[in-house]
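The working numbering puts the sequence shown at residues 10 to 544.
Yeah, the Cβ is synthetic: ideal placement off N, Cα and C, and Gly gets one too.
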Amino acid sequence: MQTNANTGSMPATTYVSIGQIKSLGAKLDLPETGGGCGTSGGEGKASCGTSDGPDDMPQAIWDKVKDHPCYSEEAHHHFARMHVAVAPACNIQCNYCNRKYDCSNESRPGVVSQKLTPEQAVRKVVAVASEIPQMTVLGIAGPGDALANPKKTFDTFRMLQEQAPDLKLCISTNGLALPDLVDEICKYNVDHVTITINMVDPAVGEKIYPWIFWNHKRVTGYEAAKILHERQMLGLEMLTSRGVLTKINSVLIPGINDEHLIEVNREVKKRGAFLHNIMPLISEAEHGTVFGLTGQRGPTASELKAVQDACMGGANLMRHCRQCRADAVGLLGEDRSEEFTLDKLEQMDVVYDLDKRRSYQEKVEIERNAQHAAKQEALALASSIQVADDLTVLVAVATKGGGRVNEHFGHVTEFQVFEVSAAKALFVGHRRVDQYCQGGEGDDAQLPSVVRAINDCHAVLVAKIGACPKDELTAAGVEPVDSYVGEFIEKAALGWFNDYRRRIASGAVVHQSRGDAHIRQGAYTHLTDNVALAA
Ligand code: CLF
Ligand code: SF4
Numbered sequence: 010m011q012t013n014a015n016t017g018s019m020p021a022t023t024y025v026s027i028g029q030i031k032s033l034g035a036k037l038d039l040p041e042t043g044g045g046c047g048t049s050g051g052e053g054k055a056s057c058g059t060s061d062g063p064d065d066m067p068q069a070i071w072d073k074v075k076d077h078p079c080y081s082e083e084a085h086h087h088f089a090r091m092h093v094a095v096a097p098a099c100n101i102q103c104n105y106c107n108r109k110y111d112c113s114n115e116s117r118p119g120v121v122s123q124k125l126t127p128e129q130a131v132r133k134v135v136a137v138a139s140e141i142p143q144m145t146v147l148g149i150a151g152p153g154d155a156l157a158n159p160k161k162t163f164d165t166f167r168m169l170q171e172q173a174p175d176l177k178l179c180i181s182t183n184g185l186a187l188p189d190l191v192d193e194i195c196k197y198n199v200d201h202v203t204i205t206i207n208m209v210d211p212a213v214g215e216k217i218y219p220w221i222f223w224n225h226k227r228v229t230g231y232e233a234a235k236i237l238h239e240r241q242m243l244g245l246e247m248l249t250s251r252g253v254l255t256k257i258n259s260v261l262i263p264g265i266n267d268e269h270l271i272e273v274n275r276e277v278k279k280r281g282a283f284l285h286n287i288m289p290l291i292s293e294a295e296h297g298t299v300f301g302l303t304g305q306r307g308p309t310a311s312e313l314k315a316v317q318d319a320c321m322g323g324a325n326l327m328r329h330c331r332q333c334r335a336d337a338v339g340l341l342g343e344d345r346s347e348e349f350t351l352d353k354l355e356q357m358d359v360v361y362d363l364d365k366r367r368s369y370q371e372k373v374e375i376e377r378n379a380q381h382a383a384k385q386e387a388l389a390l391a392s393s394i395q396v397a398d399d400l401t402v403l404v405a406v407a408t409k410g411g412g413r414v415n416e417h418f419g420h421v422t423e424f425q426v427f428e429v430s431a432a433k434a435l436f437v438g439h440r441r442v443d444q445y446c447q448g449g450e451g452d453d454a455q456l457p458s459v460v461r462a463i464n465d466c467h468a469v470l471v472a473k474i475g476a477c478p479k480d481e482l483t484a485a486g487v488e489p490v491d492s493y494v495g496e497f498i499e500k501a502a503l504g505w506f507n508d509y510r511r512r513i514a515s516g517a518v519v520h521q522s523r524g525d526a527h528i529r530q531g532a533y534t535h536l537t538d539n540v541a542l543a544a
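In structure tokens form, the structure reads like this:
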């Protein structure tokens, strides 16, 4: 059989189980540092080194990433991105994708409301950029593959270079067509490219990709996965050699590529990837995907975190991805696309005012610098406290942006999760939930699902919370905390943590470990309010 014969010629791949990853904390035996981010400061970090600022990397790279919400965790609290759905076709088939839905590489399952022509896309971008001045990045991420639709993709970029020259251009691809289009990517100054790489071993790949369309014909099985793998590696190396920043997205599919992603991390780092984004498979029967229909499940929160933690020390990790729609608009975690449908665009008076955008972004920058300073201050304070243990807990945070604790519990559709210890407060993920407050009333039937979503957290920091959810969370072992309203998140999380330590020391509370949490499967469609900048 083709598969077995070819598998025999491949280099051996070592796998470890999720259980081993969890128990060992998996120190990787890493190859020599490759290119890309490759900054000493980025080594071993749990999230992109960009949070730390320009001291952490060459100025030219910092300038590229500092306002990109996907490439900088810190930026994602302040800057927005948008996608335009100009790329409907795809040249491969993934078992987690149904073409009626967004590209699962870069979007969670949900129908793209409107596919656009390049001209419509440009009009939409200009309108959004005028309305949302903190929108700094325009990405093409489907609903098919950006590079399987090169004319539409590059026509859009060409027009945008003229009409919205301050926007960063970003692209997401499965990589099959990438090597042929690196020159075009560079020609239009696209300096951020995401490649979805789920395997570096075609024997794993054939379980994920039933076919690719290659050289005018359909190729299946092991051979298809082998071609895709080779094209992905070649494309990544070409981008690195041209100085284009690359991010690798990997979908974690339990039982298929979970342990294997450690090797993917190692291989992409060797080839200069700047960031690695390991995201959970979203899989439900109603999505109509092969995995959904065959019962392939997605990972739990602790399974996802275990693989991400095991990859620390390899390529820098992104943990703030929201698996957004191919027509997403707004901050990561919010979707304002419904405000910019084609019929609404018709009614809008659109003026692209570069000066207005710049002056607004300067205000955002001040707020972001204040957050950074508060974080450094809180970390300095925390590190001055001598502790004899290595207690680390997770804390959920209700925020509507700006890096502050500023959302009511009842309005939350997504909690941000921070890992907190004496020396750090690190963003490690998010959890989507159904909004508890519906039409001004709390919907108590939602509470168990909210608890399940943050069941691995010791506390939840909120701007406000009612008596009923407060009681239910307390009973479940998650402490509701509403005493840090308006504070920057890291400062608040470390403040709560130090107080928690004091209470443990005094015997007022007994520390207990938490359970696992559920990653919600399915689309998020709620429209959030505009983010109010602090005065
Ligand atoms: Fe879009 Fe992707 Fe560019 Fe970001 S998304 S093309 S790099 S601008 Fe970001 Fe969305 Fe995650 Fe993608 S949160 S799915 S990583
Ligand atoms: Fe779907 Fe994207 Fe995979 Fe193509 S690359 S099959 S659009 S998930």
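Which same chain residues end up closer than 6 Å to residue 344 when comparing Cβ atoms and leaving out the 5 residues on each side of it in sequence?
Working through the sequence shown from its first residue, we reach residue 344 at position 335. Excluding positions up to five away in sequence, the list reads 337.
Mark residue 490 as exposed unless 16 or more other C-beta atoms lie within 10 angstroms of its C-beta, in which case mark it buried.
Residue numbering aside, residue 490 sits at position 481 when the sequence shown is read from its first letter. By the neighbour-count definition (other C-beta atoms within 10 Å, threshold 16), residue 490 is a buried residue.
Exposure of residue 546, with buried meaning 16 or more beta-carbon neighbours within 10 Å:
It is not possible to answer for residue 546, since the shown part of the chain is limited to 10 through 544.
With residue 551 as the anchor, note down where its beta strand (DSSP E) starts and where it stops.
This structure does not reach residue 551, given that the chain is present from 10 up to 544, and the question cannot be answered.
Where does the unbroken alpha helix (DSSP H) through residue 455 begin, and where does it stop?
Here residue 455 corresponds to residue number 446 of the sequence shown, with the count starting at 1. Taken as a continuous stretch (DSSP letters only), residue 455 belongs to no alpha helix (DSSP H), as it is neither H nor E.
Distance, Cα to Cα, residue 305 vs residue 430?
The residue labelled residue 305 in the question sits at position 296 within the sequence shown. The residue labelled residue 430 in the question sits at position 421 within the sequence shown. One C-alpha to the other measures close to 35 Å.
Assuming the contact rule is C-beta atoms closer than 8 Å, residue 151 and residue 315 should be a hit. Round their C-beta distance to whole Å, please.
The residue you call residue 151 lines up with position 142 of the sequence shown. The residue you call residue 315 lines up with position 306 of the sequence shown. 29 Å between Cβ atoms; not a contact.
Measuring straight from C-alpha to C-alpha, what distance separates residue 154 and residue 311?
The sequence position of residue 154 within the sequence shown is 145, counting from 1. The sequence position of residue 311 within the sequence shown is 302, counting from 1. Residue 154 and residue 311 have their alpha carbons spaced roughly 30 Å apart.
Please tell me whether, using a cut-off of 7 Å, the distance from the CB of residue 102 to the nearest non-hydrogen atom of the ligand SF4 is below it.
Looking up residue 102 in the sequence shown gives position 93. Residue 102: yes, Cβ under 7 Å from the ligand SF4.
Same chain only: Cβ atoms within 7 Å of residue 559, ignoring 5 sequence neighbours per side
Absent from the structure is residue 559, since the part of the chain shown begins at 10 and ends at 544.
What is the rounded straight-line gap between the Cα of residue 215 and the Cα of residue 230?
Against the sequence shown, residue 215 aligns to sequence position 206. Against the sequence shown, residue 230 aligns to sequence position 221. Looking at the two C-alpha atoms, the distance is approximately 5 Å.
Measuring only from the beta carbon, is residue 123 closer than 7 Å to any heavy atom that is part of the ligand CLF?
Counting from 1 along the sequence shown, the entry for residue 123 is found at position 114. For the ligand CLF, not one heavy atom lies less than 7 Å from the Cβ of residue 123.
Per DSSP, residue 417 forms a beta bridge with which residues?
Within the sequence shown, the letter at position 408 stands for residue 417. BP columns for residue 417 point to 473.
Determine the DSSP secondary structure at residue 44, reduced to helix, strand or coil.
Along the sequence shown, one-based indexing puts residue 44 at 35. In this prediction, residue 44 scores a pLDDT of 30, lower than 50, which makes its location untrustworthy; the coordinate-derived value is nonetheless stated afterwards. Coil at residue 44, not helix or strand.
Using the three-state DSSP reduction, which class does residue 527 fall into: helix, strand or coil?
By 1-based counting over the sequence shown, the position of residue 527 is 518. Residue state, collapsed to three classes: coil.
Given residue 448 as reference, the closest of 419, 425, 188 and 133 once Cα atoms are compared
Working through the sequence shown from its first residue, we reach residue 448 at position 439. Nearest C-alpha to residue 448: 419.
Alpha carbon to alpha carbon, how far is residue 93 from residue 147?
Residue mapping note: residue 93 aligns to position 84 of the sequence shown, counting from 1. Residue mapping note: residue 147 aligns to position 138 of the sequence shown, counting from 1. The alpha-carbon atoms of residue 93 and residue 147 are separated by roughly 8 Å.
So, are the CB atoms of residue 186 and residue 258 less than 8 Å apart?
Here residue 186 refers to the residue found at position 177 of the sequence shown. Here residue 258 refers to the residue found at position 249 of the sequence shown. No. Outside cutoff.
Beta-carbon gap between residue 281 and residue 293 smaller than 8 Å:
Looking up residue 281 in the sequence shown gives position 272. Looking up residue 293 in the sequence shown gives position 284. Contact: no.
Are the CB atoms of residue 351 and residue 172 nearer to each other than 8 Å?
Locating residue 351 in the sequence shown gives position 342, counting from the first residue. Locating residue 172 in the sequence shown gives position 163, counting from the first residue. No; because the gap between Cβ atoms is not below 8 Å, this pair is not in contact.
Under the criterion of a Cβ to heavy atom distance below 7 Å, does residue 286 qualify as lining the ligand FMN?
You won't find the ligand FMN in this model; what it holds is the ligand CLF and the ligand SF4.
Taking 7 Å as the cut-off, is the CB of residue 313 close to at least one heavy atom of the ligand CLF?
The residue given as residue 313 occupies position 304 in the sequence shown. Closer than 7 Å to some heavy atom of the ligand CLF: that does not describe the Cβ of residue 313.
Terminal residues of the continuous alpha helix (DSSP H) containing residue 191?
Walking along the sequence shown from the start, residue 191 turns up at place 182. Residue 191 -> alpha helix (DSSP H) spans 187-196.
Along the chain, which unbroken stretches of the alpha helix (DSSP H) at least 4 residues long are found entirely within the region 489-518?
Counting whole runs of 4 or more residues, the region 489-518 contains the alpha helix (DSSP H) stretches 498-515.
Should the region 235-253 be regarded as contacting the region 195-202, the criterion being three or more beta carbon pairs within less than 8 Å?
Contact between the region 235-253 and the region 195-202 is present, because at least three Cβ pairs lie under 8 Å.
Would you call the region 434-443 in contact with the region 349-369, where contact means no fewer than 3 C-beta pairs closer than 8 Å?
By the Cβ rule, the region 434-443 does not count as touching the region 349-369, because fewer than three pairs are nearer than 8 Å.
Taking only heavy atoms of the ligand CLF into account, decide whether any of them is closer than 7 Å to the Cβ of residue 179.
If you number the sequence shown from 1, residue 179 lands on position 170. Yes.
Indicate the three-state DSSP secondary structure (helix, strand or coil) for residue 102 in the structure shown.
Position 93 of the sequence shown holds residue 102. Assignment of residue 102 by DSSP, reduced to helix, strand and coil, places it in the strand class.
Is residue 367 helix, strand or coil by DSSP?
As a working note, residue 367 is residue 358 in the sequence shown. Three-state result, residue 367: helix.
Alpha helix (DSSP H) containing residue 238: first to last residue?
Sequence index remark: in the sequence shown, residue 238 carries index 229 (1-based). 230-250 is the extent of the alpha helix (DSSP H) around residue 238.
According to DSSP, simplified to helix, strand and coil, what is residue 181?
Residue 181 sits at position 172 when you count from the first residue of the sequence shown. Residue 181: strand per DSSP, three-state reduction.
Quick one, are the C-beta atoms of residue 297 and residue 479 less than 8 Å apart?
The residue you call residue 297 lines up with position 288 of the sequence shown. The residue you call residue 479 lines up with position 470 of the sequence shown. The Cβ atoms of residue 297 and residue 479 lie no closer than 8 Å to each other.
Can you grab the Cα-Cα spacing for the pair residue 388 / residue 400, in whole Å?
Translated into positions along the sequence shown, residue 388 becomes position 379. Translated into positions along the sequence shown, residue 400 becomes position 391. Here the C-alpha atom of residue 388 lies approximately 15 Å from the C-alpha atom of residue 400.
List the endpoints of the continuous beta strand (DSSP E) containing residue 405.
Numbered from its first residue, the sequence shown carries residue 405 at position 396. DSSP places residue 405 inside the beta strand (DSSP E), whose first and last residues are 401-406.
Is any heavy atom in the ligand CLF found nearer than 7 Å to the beta carbon of residue 317?
Locating residue 317 in the sequence shown gives position 308, counting from the first residue. Checking every heavy atom of the ligand CLF against the Cβ of residue 317, none is found closer than 7 Å.
What's the C-alpha gap between residue 141 and residue 454?
Within the sequence shown, numbered from 1, the residue matching residue 141 stands at position 132. Within the sequence shown, numbered from 1, the residue matching residue 454 stands at position 445. Each residue's Cα considered, the two are about 35 Å apart.
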